[in-house]
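Working notes, structure below.
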Amino acid sequence: MINWITVESNAIRKVGYSEAKNELYVDMGQRQPYCVFSEVSKYAFFHFAAAESVEDHFESHIKSVYSQVS
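Under our numbering, the first residue of the sequence shown is numbered 4, with each subsequent residue one higher.
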């Protein structure tokens, strides 16, 4: 099950996390359902969701660090 959190961002609508799979889900509100990143800790997910600038955190701490699987 994916636990979703709505975030305040112009580019990202919501972020989700699956504890069973250690996967992070990022909904950009585009045609694709969402981007999926593997091997993300629960701590990293909550830190991302609570970031002052979700977009900046995504670029510097998620996109460049974790492998995107879809």
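Virtual Cβ for every residue (Gly too), placed ideally from N, Cα, C.
Would you kindly report the start and end of the unbroken beta strand (DSSP E) that includes residue i?
i            : result
tyrosine 37  : Element bounds for tyrosine 37: n/a, residue is neither H nor E.
asparagine 6 : 6 to 9
lysine 17    : 17 to 21
At the level of alpha carbons, what is the spacing between residue i and residue j?
i            : j                : result
valine 10    : lysine 17        : 5 Å
isoleucine 8 : phenylalanine 49 : 9 Å
leucine 27   : phenylalanine 51 : 10 Å
glycine 19   : cysteine 38      : 10 Å
alanine 53   : glutamate 62     : 15 Å
Give me whichever residues DSSP pairs with residue i in a beta bridge.
i           : result
tyrosine 46 : DSSP lists no partner for tyrosine 46.
How is the alpha helix (DSSP H) around residue i delimited, first residue to last?
i            : result
glutamate 58 : 57 to 60
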